[in-house]
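Comments concern the structure below.
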Amino acid sequence: MPRHERPGLSGISGLLEHRQLAISPAALPHPPILLYRHPPRPPDTKPERRRPPLSFFSSRSLPGLRTALPAGIGLMLALSSTARADDSFTPAQRKEIVTIVRDALKTDPSILSDAITALRAGAEAQEQTRTRDALVAHRAALTTPAPTDAILGAPNARTTVIEFYDPRCPYCRKVLADLDRLVHDDPNVRIVEKVIPVLGPASVLTAQAIAASALQGGHDAYFRMQRAIMTDTTKPDTARIRLLAKQAGLDADRLVADMAGPAVAATLRANSELAEAIHLEGTPTFVFDARYVIPGAVDYDGLKAAVDKTRHN
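Under full-length UniProt numbering, the sequence shown has 271 at position 271, and the numbering climbs by one with no breaks.
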């Protein structure tokens, strides 16, 4: 279903306090896309909790310490940041660990940056694993549109891109034209729109209005109302929603009534629950065939590259 032509955006200024990741493929050799082709490993049996003896740290030379210290510094940070008592180390052992790490850092301060890099890499690996597992677990919901979803492009296209968006998010507004261009240029891709209100009361109001519009006229009415709301620069209230509904050719009284109804509430709840299940952290977020994720705004070239990568991997 084509989206109606949108006028240029205006009046969008500043950044939201909500966390966003703006992506520029021109600045990066490849768009930051995570590919999850393999099923998650079965959960490992939880090993017996053991720590190496202190000689593991103290008996190594400085080159060896560079390898071992990321774990040691992480351990030291854990010891200092937790309020829970841990009987596994005596006070004397704790003191020795701190002394060893401190002395090594004095000898070669660059060890600290290596440790921070290792800790960050570990956290990122855990996040990727968590996301991969979530995509596998929710593959059906991420590849099969719900009856309440609006579809931009050919309904039966072979590549499915889920867009989680907030109508008030300026980054979401920015990508509208690129999404239109993508489905125009590629008849084998469809954009499944999932509206989620994450930026406060105004987002809730506009998300309700967009979801309610589909009850009047399906996808066509959805995209007309979406266009009216996401190109409007006035702070929304009920009166403004009524005006925009009329401009979109909808029954304003029915729209406002439907906004407060159970069908709209169920749609927004389902969208939000799916977003939470895949650990979405901001809008827009794009999911490509339940295998790739782009968390943030991306331009036409980035979208096209992600679609191509999905098909060829």
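Each residue gets a CB set at the ideal place from its N, CA and C atoms; glycine is no exception.
Q | Neighbourhood of E193 by C-beta distance below 8 Å, restricted to the same chain and skipping five residues each side | A | D149, A150, I151, L152, E163, Y165, Y222 and Q226
Q. Can you tell me whether DSSP reads G218 as helix, strand or coil?
A. helix
Q. If you draw a straight line from the C-alpha of S88 to the C-alpha of G200, how long is it?
A. 46 Å
(Q) For A209 and Q247, I'd like the C-alpha separation in whole angstroms. (A) 13 Å
(Q) I want to know whether the segment 273-288 touches the segment 238-246 - three or more CB-CB distances under 8 Å. (A) no
**Q.** Among R291, I278 and V204, nearest to A265 - alpha-carbon criterion
**A.** V204
(Q) Could you give the first and the last residue of the continuous alpha helix (DSSP H) run that contains A290? (A) Element bounds for A290: n/a, residue is neither H nor E.
(Q) So within the segment 234-281, which uninterrupted beta strand (DSSP E) runs reach at least 3 residues, ignoring any that extend past its ends? (A) none
Q. Rounded C-beta distance between A211 and V198? I'm assuming under 8 Å.
A. The Cβ separation is near 15 Å, so there is no contact.
Q.
Going by DSSP in three states, H30 sits in which element: helix, strand or coil?
A. At H30, the pLDDT of 37 sits below 50, so the modelled position is not reliable; the number obtained from the coordinates is stated separately. Of the three classes helix, strand and coil, the one that applies to H30 here is coil, per DSSP.
Q) At what residues does the alpha helix (DSSP H) containing R302 begin and finish? A) Correcting the residue identity first, residue 302 is Gly in this sequence and not Arg. Y300 to H312 is the extent of the alpha helix (DSSP H) around G302.
Q) Going by the beta-carbon positions, is the gap between I294 and A306 smaller than 9 Å? A) yes
**Q.** Neighbourhood of D232 by C-beta distance below 8 Å, restricted to the same chain and skipping five residues each side
**A.** R240 and L244
**Q.** Supposed contact pair L274 and H138 - C-beta distance, whole angstroms, cut 8 Å
**A.** 7 Å
Q. P167: buried (16+ other C-beta within 10 angstroms of its C-beta) or exposed?
A. buried
Q | For A152, the residue or residues it bridges with in DSSP | A | Here the sequence assigns Leu to residue 152, which means Ala is not the residue at that position. DSSP output for L152 lists I191 as bridge partner(s).
Q: Give a yes or no on whether the C-beta atoms belonging to residue 384 and K304 are separated by under 9 Å.
A: There is no way to answer for residue 384, as the model of the chain reaches only from 1 to 313.
Q: Identify, in the order they occur along the chain, each residue of the same chain with its Cβ nearer than 7 Å to the Cβ of R311, setting aside the five sequence neighbours on each side.
A: T159
(Q) I need the straight-line Cα distance from L250 to S213, nearest angstrom please. (A) 7 Å
Q.
Just to confirm, is the Cβ distance from L182 to Y300 under 9 Å?
A. yes
Q.
Mapping the DSSP letters down to three states, classify T160 as helix, strand or coil.
A. strand
Q) For A297, does the count of other Cβ atoms within 10 angstroms reach 16, so buried, or fall short, so exposed? A) buried
**Q.** With 16 other Cβ atoms within 10 Å as the buried cut-off, status of N271
**A.** buried
Q | Whole-Å CB distance - A207 paired with L268, under 8 Å assumed | A | 6 Å
Q: Report all residues from its chain with a CB closer than 6 Å to the CB of E17; omit the five preceding and five following residues, and keep chain order.
A: Because E17 sits at a pLDDT of 32, beneath the cut-off of 50, its placement in the model cannot be relied upon, and the point is left open.
**Q.** Cβ separation of T131 and H279, assumed to be a contact under 8 Å, to the nearest whole Å
**A.** 6 Å
(Q) Does A121 pass the burial test, meaning 16 or more other C-beta atoms within 10 Å, or should it be called exposed? (A) exposed
Q: In angstroms with no decimal places, state the Cα-to-Cα distance between P39 and V161.
A: Low local confidence applies: a pLDDT of 34 at P39 is under 50, so the model's placement there is unreliable, and no value is given.
Q. Can Q216 and R242 be called in contact, C-beta distance under 9 Å?
A. no
Q) Can you tell me the Cα-Cα spacing of A146 and V98, whole angstroms? A) 55 Å
Q. Excluding five sequence neighbours on each side, which residues of the same chain lie with their C-beta closer than 7 Å to the C-beta of T234?
A. R240
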